[in-house]
Amino acid sequence: MLTLFHYDRTSAAQRVRLCLEEKSIPWESIIVDTALGDIDQLPKNFYELNPKGLVPVIIDDNLAIPESLVIIEYLEEKYGGNPKLKPSKPEDLAQMRLWMRKIDEGIHVASRTIGVCLVNRHIYKKKDPGQIKKYYKEMKDKVRKKNDQINIEMGIESPLLEEAMIEFKSLFVEMDEHLSKNTWLAGDNYSLADISFVVYLHRLDSFMMRPLWKDFKYLDNWYEKIKKRSAYKKAIYDWGDVTADQRAQNGKDAFPKILEYWNKAK
Ligand SMILES: N[C@@H](CCC(=O)N[C@@H](CS)C(=O)NCC(=O)O)C(=O)O
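Residue numbers for the sequence shown follow the numbering used here, beginning at -7 and rising by one.
Below, the structure is given as structure tokens:
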């Protein structure tokens, strides 16, 4: 059976779970949660599965695959079935991939920035400093490490947080404009593109930031529609989020500053 390494609230693994649940692919769960700063949670051979040491990773037929966007395309190709999550027309497929590229081009990093500035930095401060030092010593992605250092030090005053909000606003403007003329992001049906982005709306929503996009009605309707899918409940809500209360509280506290960044962005 397919194995997924993941934890409750990770946006990258949420999209893999969304895909697995949409297609009713049987899978078994292995929780690997280093996000609160405890690198000892990594299984011993984990770097062989993913040299970056991050989740999600799947193991399917003895093959280990990291990177959520690669995994979900693999699942679509390997398991097919219903619903089909990839458009058939080449032009729609190109559009799906163009949307998805934005994630690795900056959106995922922007999402981590928001998380570190609002929540992780507060959690890390309460941990044993030796443990956090080890966590960062082992971190393979140097850009991630550098960004985290700035975000931990500066919190909501971090210039990276302002950039992250600008990035999200420009994404949401583009999505809203597209969704004003189309039901889904790529082609006529729900696809991997929709799955890939909805997890970030869920993330911002968990920070109580949904009022930011209240005027983007096409985007908000799209979000509402996806949340009603039964796979969404299984993949997102049923797994929960151990940091939910802190996320909601810190998000509310930071909202005036977040709104200031949001309103400054074009
Ligand atoms: N580009 C990767 C990003 C993976 C990633 O950022 N994973 C995060 C969770 S969303 C993680 O493993 N975090 C653990 C940590 O921060 O220690 C993907 O799409 O799979």
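Idealized CB from N, CA, C, for every residue including glycine.
Rounded to whole angstroms, what's the CA-CA distance from residue 243 to residue -7? Just pull it up for me.
On the sequence shown, position 251 is the one that residue 243 refers to. On the sequence shown, position 1 is the one that residue -7 refers to. Cα to Cα, residue 243 sits roughly 38 Å from residue -7.
N-terminal and C-terminal residue of the beta strand (DSSP E) that residue 214 is part of:
Taking the sequence shown and counting its residues from 1, the one referred to as residue 214 is at position 222. Looking at the DSSP string, residue 214 is not in any beta strand (DSSP E); the run it does join, the alpha helix (DSSP H), is 209 to 219.
Determine the extent of the beta strand (DSSP E) in which residue 51 is found, giving its start and end residues.
Counting from one through the sequence shown, the residue named residue 51 turns up at place 59. Counting along the chain, the beta strand (DSSP E) containing residue 51 begins and ends at 49 to 52.
Kindly examine ligand 1 and report whether one of its heavy atoms sits closer than 7 Å to the Cβ of residue 235.
The residue you call residue 235 lines up with position 243 of the sequence shown. Every heavy atom of ligand 1 is 7 Å or more from the Cβ of residue 235, so no.
Residue 163 in three-state terms, based on DSSP:
For the purposes of this step, residue 163 is identified with residue 171 of the sequence shown, where counting begins at 1. Residue 163: helix per DSSP, three-state reduction.
In terms of residue numbering, what span does the alpha helix (DSSP H) encompassing residue 236 cover?
Residue mapping note: residue 236 aligns to position 244 of the sequence shown, counting from 1. Here the alpha helix (DSSP H) through residue 236 covers 236 to 256.
What is the residue span of the alpha helix (DSSP H) that residue 23 lies within?
By one-based count along the sequence shown, residue 23 stands at place 31. Looking at the DSSP string, residue 23 is not in any alpha helix (DSSP H); the run it does join, the beta strand (DSSP E), is 19 to 23.
Selected residue, minimal CA-CA separation from residue 77, among 65, 87, 83
The residue labelled residue 77 in the question sits at position 85 within the sequence shown. Looking only at 65, 87, 83, the smallest Cα-Cα distance to residue 77 is reached by 65.
Measuring CB to CB, does residue 253 end up less than 8 Å from residue 146?
Residue 253 sits at position 261 when you count from the first residue of the sequence shown. Residue 146 sits at position 154 when you count from the first residue of the sequence shown. Contact flag unset, no.
Classify residue 120: buried if its beta carbon has 16 or more other beta carbons within 10 angstroms, exposed otherwise.
Translated into the one-based positions of the sequence shown, residue 120 becomes position 128. So residue 120 counts as exposed.
Below 8 Å between beta carbons: does that hold for residue 3 and residue 103?
Here residue 3 refers to the residue found at position 11 of the sequence shown. Here residue 103 refers to the residue found at position 111 of the sequence shown. Cβ atoms of residue 3 and residue 103: closer than 8 Å.
Option in 33, 228, 159 with minimal Cα separation from residue 106
Taking the first residue of the sequence shown as position 1, residue 106 is located at position 114. If we check each option's Cα against that of residue 106, 159 comes out closest.
Is it true that the CB of residue 167 sits closer than 8 Å to the CB of residue 189?
The count along the sequence shown starts at 1 and reaches residue 189 at position 197. The count along the sequence shown starts at 1 and reaches residue 167 at position 175. Yes, these two residues count as a Cβ contact at 8 Å.
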